[in-house]
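Per our numbering, residue 290 is the first one in the sequence shown, and the count goes up by one each step.
Don't be surprised by glycine CBs; every beta carbon is placed ideally from N, CA and C.
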Amino acid sequence: MGRVAVGAAVVGAAAVVGVAALVVRQRMRNSGRWSSAMAIVKEFEENCSTPLVKLRQIADAMTVEMHSGLASDGGSKLKMLISYVDSLPSGDEAGIFYALDLGGTNFRVLRVQLGGKGSGIEHQEFAEATIPPALMSGSSDALFDYIVEKLANFVAEEEQRFHQPEGRQRELGFTFSFPVLQSSINSGTLIRWTKGFSIDDAVGQDVVAELDKALKRKGVEMRVSALVNDTIGTLAGGRYANNDVAIAVILGTGSNAAYIEHANAIPKWRGPLPDSGEMVINMEWGNFKALALPLTEFDIALDVESVNPGEQIFEKLISGMYLGEILRRILLKMAEEASFFGDKIPAKLKIPLTLSTPEMSSMHHDKSPDLHVVKDKLKSILEISNTSLQTRKVVVELCNIIASRGARLAAAGILGVLKKMGRDGPREGGGKTVIAMDGGLYEHYTEYRKCLETTISELLGEGLASSIEFMHSNDGSGIGAALLAASHSLYRW
């Protein structure tokens, strides 16, 4: 062999060795990145752990806080607000009634026609609108004027058959899903905003008075007959359909619970209350906090950077406004510390609230062999392309960890309410306890809903779990407000 050929062979061999070494180094590098990413996932999963023993501790803490909140003003993170709903709709109500349902970033205007005893709801319709982000932090006048404009448009388009008889004013139930200290069925002072709202001039004001002023400004003839929280409305709507409903839970943008309390369990310091055996309590359970809650670094950072740091901790772990944001934060850490999506950190992944819970739900529910939904969502929302199937499987697993923790914590909260009511064990004479559920998270996030209901069964055991029934009360908060306007009407049915 000539010198040139030998030299070429040596150079060729060296090149092959160099390429092989480069491939090995790249594989080692990728292996190291993957190990780092999996270490982050494992730590996150451990910190989100919700074994039954911890869930029972959280349920016990919820029960204790409920007792404390009823016993003294400021004695608990739970407000345990008196709703002044001491009698729920009976089914005898008749006529046309309206509702405004402000539950978060969306609101609804509803019209309900009640047929009276034995007839139930004969007709219902609604219109929906989104609250512009600017109005969530503007002035109270601007927010209420916007809401009333939508109501006025809805009324203006109604058919002749829905017009009120002469001399009778339209009556409205107002579902206002924020902490309010009520002094009657149709008046209440805003305590604070939640769900991303921060309108300072409305805090401390009577929200019905604010709505009344907007109605007058816009020339809308309507009386606010009932002010209710969305959870109270859901309970009222649920009870109208099923007499065994005793608890209502909202799992949507935010979260809350309400239940029926014995009047003699409410202390006298609450002031004069209607003479009744029962009173519906608005818990405001989103503000619940306990040492046993499994908080991670991502939850703590989310809270610190929120509009209400230190508040609504339970809500930030279980509700639809925050689950997608928790997923974004852990994916960002994996991108920064383990190059999970490659050498460059995706710019969109750095933007808060870019990843919504509905998008997270879509990825979690992806059953396709190649997880093409996950692939498409990562590309369209976060501009992350060329992801491997292995990477997409990790994203689905993170969705499962976050949703399962939220659902299991919500189940623990429900167990706490059942314990307070004495319905966590066998009941004399048997009977069911029906829990009216509403909210987009419960309705649309199937894996979340299934986990919640399964966890209740695990906590109670099969025997007791059979006495608990979940009932989806679709749009219960709005319909419930209209029903409560009817049951507190100025006019005879």
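**OP:** Compare the Cα-Cα distances from LEU612 to each of PRO647, ILE539, PRO468 and MET327 and report the closest residue.
**Re:** Out of PRO647, ILE539, PRO468 and MET327, the CA that lies nearest to the CA of LEU612 is found in PRO647.
**OP:** Give the range of the beta strand (DSSP E) segment to which ALA423 is assigned.
**Re:** Element bounds for ALA423: n/a, residue is neither H nor E.
Original post:
Mapping DSSP to helix, strand and coil, what is LEU779?
Top reply: The answer is coil: DSSP assigns LEU779 none of H, G, I, E or B.
Original post:
Start and end of the beta strand (DSSP E) containing ARG512?
Top reply: Its beta strand (DSSP E) spans residues 511-517.
**OP:** Look at the alpha carbon of GLU382 and the alpha carbon of ASN553, and state the distance between them as a whole number of angstroms.
**Re:** For the pair GLU382 and ASN553, the Cα-to-Cα distance works out to about 28 Å.
**OP:** Pull up the CB-CB distance for MET369 and ILE607, whole angstroms please, since I reckon it's below 8 Å.
**Re:** Approximately 19 Å separates the beta-carbon atoms of MET369 and ILE607; this is outside 8 Å, ruling out the contact.
Original post:
Around the Cβ of ALA491, are there at least 16 other Cβ atoms within 10 angstroms (buried) or fewer (exposed)?
Top reply: ALA491 counts as buried, since at least 16 other C-beta atoms from the protein chains shown sit within 10 angstroms of its C-beta.
**OP:** Please work out which residues of its chain come closer than 6 Å, Cβ to Cβ, to GLU279, disregarding the five sequence neighbours upstream and downstream, and give them in chain order.
**Re:** It is not possible to answer for residue 279, since the shown part of the chain is limited to 290 through 782.
**OP:** Please confirm if the segment 765-775 is in contact with the segment 386-395, defined as three or more CB-CB distances below 8 Å between the two stretches.
**Re:** Between the segment 765-775 and the segment 386-395, the count of C-beta pairs closer than 8 Å reaches three or more; the two stretches touch.
Subject >> Proximity to ILE757 [Cα-Cα], best of LEU741, GLY728, LYS721 and VAL706 >> reply: Looking from the CA of ILE757, the closest CA among LEU741, GLY728, LYS721 and VAL706 belongs to LYS721.
Subject >> Euclidean distance between Cα positions of LEU704 and ASP713 >> reply: Rounded to the nearest whole angstrom, the CA to CA distance from LEU704 to ASP713 is 7 Å.
Subject >> Minimum C-alpha distance to ARG716 - residue among LEU753, SER472, ARG450 and LEU524 >> reply: The shortest C-alpha separation from ARG716 is found at LEU753.
**OP:** Taking ASP349 as the reference, give the member of LEU698, PHE443 and GLU736 with the closest Cα.
**Re:** Comparing alpha carbon positions, the residue from LEU698, PHE443 and GLU736 closest to ASP349 is LEU698.
Original post:
Is it true that the CB of SER487 sits closer than 7 Å to the CB of VAL596?
Top reply: Cβ atoms of VAL596 and SER487: closer than 7 Å.
Original post:
Under the three-state reduction of DSSP, which class applies to VAL299: helix, strand or coil?
Top reply: Caution is warranted here: a pLDDT of 47 is assigned to VAL299, below 50, making its placement in the model unreliable, and the coordinate value is therefore given only provisionally. Helix, per DSSP.
Subject >> CB of GLY702 within 7 Å of CB of GLU604, strictly >> reply: Their beta carbons are not under 7 Å apart, which means GLY702 does not touch GLU604 by this criterion.
**OP:** Could you work out which residue in MET327, LEU424 and LEU377 is closest to VAL534 when comparing CA atoms only?
**Re:** The residue with the shortest Cα to Cα distance from VAL534 is LEU377.
Original post:
Between the C-alpha atoms of VAL497 and VAL685, what's the straight-line distance to the nearest angstrom?
Top reply: Answer to the nearest angstrom: the Cα atoms are 44 Å apart.
Subject >> For ILE371 and GLY568, believed in contact at Cβ under 8 Å, the rounded distance >> reply: Checking the sequence shown, residue 568 turns out to be Met, not Gly. The C-beta separation of MET568 from ILE371 comes to about 6 Å, placing the pair in contact by the 8 Å criterion.
Original post:
If VAL517 sits next to MET726, beta carbons under 8 Å apart, how far is it from one beta carbon to the other, in whole angstroms?
Top reply: Their Cβ separation, rounded to whole angstroms, is 17 Å, which puts VAL517 and MET726 out of contact at 8 Å.
**OP:** Assign HIS653 to one of two classes, buried (16 or more other C-beta atoms within 10 Å of its C-beta) or exposed (fewer than that).
**Re:** Answer is buried; the Cβ neighbour count reaches 16.
**OP:** Please classify LEU591: is it buried, with 16 or more other beta-carbons within 10 angstroms of its beta-carbon, or exposed?
**Re:** Taking a 10 Å sphere around the C-beta of LEU591, we find 16 or more other C-beta atoms and assign the residue as buried.
Subject >> Contact under 7 Å by Cβ, GLY526 with SER776 >> reply: Result no, Cβ atoms of GLY526 and SER776 do not sit closer than 7 Å.
Subject >> Counted within 10 angstroms of its Cβ, other Cβ atoms place PRO641 as buried (16 or more) or exposed >> reply: PRO641 comes out exposed.
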